[in-house]
Amino acid sequence: MTTAFPRRPWACLAGALALAATGGPASAAFAHAATTAPPPAASSRSAAPGASITENNRRLVTAAFDRWAAGRGDFFETVLSPDVVWTIEGSGPSAGTFRGRDHFVAQAVTPFSARLIAPVRPLSHRVWADGDHVIVNWVGETTAADGASYRNTYAWILRLENGRAVEVNAFLDLAPYDDILRRVPLPAPVDGGRP
Numbered sequence: 022m023t024t025a026f027p028r029r030p031w032a033c034l035a036g037a038l039a040l041a042a043t044g045g046p047a048s049a050a051f052a053h054a055a056t057t058a059p060p061p062a063a064s065s066r067s068a069a070p071g072a073s074i075t076e077n078n079r080r081l082v083t084a085a086f087d088r089w090a091a092g093r094g095d096f097f098e099t100v101l102s103p104d105v106v107w108t109i110e111g112s113g114p115s116a117g118t119f120r121g122r123d124h125f126v127a128q129a130v131t132p133f134s135a136r137l138i139a140p141v142r143p144l145s146h147r148v149w150a151d152g153d154h155v156i157v158n159w160v161g162e163t164t165a166a167d168g169a170s171y172r173n174t175y176a177w178i179l180r181l182e183n184g185r186a187v188e189v190n191a192f193l194d195l196a197p198y199d200d201i202l203r204r205v206p207l208p209a210p211v212d213g214g215r216p
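Going by this note's numbering, the sequence shown wraps up at 216, each residue one higher than the last.
Right, dumping it as structure tokens:
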């Protein structure tokens, strides 16, 4: 008798991470996180001599998170493909799919970051990799422009091709994220020094 394993065993890990992160039941959105794309070939950008695709992808994402935690927030520029498809999973107002790094940054990252005193910074992170998929479970913290603290736990599932994330499924507690967007007004635009 042959035991059948799930086609995407990492999806099971993502569900476990989300349960651990939120303390609640996993949503049906985990089924959406699955992808059927074949694994990519190794590239010179991500390949270290003698290392596997799994290890190269794990190292790439771990190094990017380490830089981010140290205050060098270049994660989106260095890890994401210009054509990334980023999905914020869930049912809140911020949930949705963004096509392209510039679109994602303009529509999701910038409006949120503009309401903060400093960018969200990872306090801790754990990284798992399997072939072209990398899962990062991390805790981020900062202070909103109104002085209230912001802390959230995230689980990101990244699919990499040639050393860049082409697909990301982001799981987080949308309530505090959406609360910042609702509660803290955007700063007034500055035009030639005038508010």
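All C-beta atoms, glycine included, are put in the ideal place defined by N, C-alpha and C.
**OP:** For Val-82, collect the residues of the same chain with a Cβ closer than 7 Å to its Cβ; drop the 5 residues on either side in sequence, then sort them by chain order.
**Re:** Val-100, Val-148, Val-155, Val-157, Leu-179
Subject >> Beta-carbon proximity of Leu-193 to Tyr-175, cut-off 8 Å >> reply: yes
**OP:** Would you mind reading off the limits of the alpha helix (DSSP H) that contains Ala-196?
**Re:** 195–204
Original post:
Where do the ends of the beta strand (DSSP E) carrying Val-105 lie?
Top reply: 101–109
Original post:
Can you tell me whether Glu-188 is buried or exposed, with buried defined as 16 or more other CB within 10 angstroms of its CB?
Top reply: buried
**OP:** Identify which residue in Val-141, Ser-134, Val-205, Asn-173 has its Cα closest to the Cα of Gly-167.
**Re:** The residue you asked about is not Gly; residue 167 is Asp in the sequence shown. Cα-wise, what sits closest to Asp-167 is Val-205.
**OP:** Taking only the alpha-carbon atoms, compute the straight-line gap between Leu-137 and Tyr-171 and give it to the nearest angstrom.
**Re:** 9 Å
Subject >> When Ala-150, Asp-153, Asp-151, Trp-177 are compared against Ala-159, the one with the closest alpha-carbon >> reply: The question names Ala, but residue 159 in the sequence shown is Trp. Nearest C-alpha to Trp-159: Trp-177.
**OP:** Pull up the distance between the alpha-carbon of Leu-144 and that of Thr-164, whole angstroms please.
**Re:** 13 Å
Subject >> Start and end residues, alpha helix (DSSP H) containing Asn-77 >> reply: 74–90
**OP:** Report the rounded CA-to-CA distance for Asp-123 versus Asp-104, giving the unit in angstroms.
**Re:** 9 Å
**OP:** State the DSSP-derived secondary structure class of Ala-127, mapped to helix, strand or coil.
**Re:** helix
Subject >> Whole-Å CB distance - Phe-8 paired with Leu-202, under 8 Å assumed >> reply: Only positions 22 to 216 of the chain appear in the structure, and residue 8 is not among them; the question remains open.
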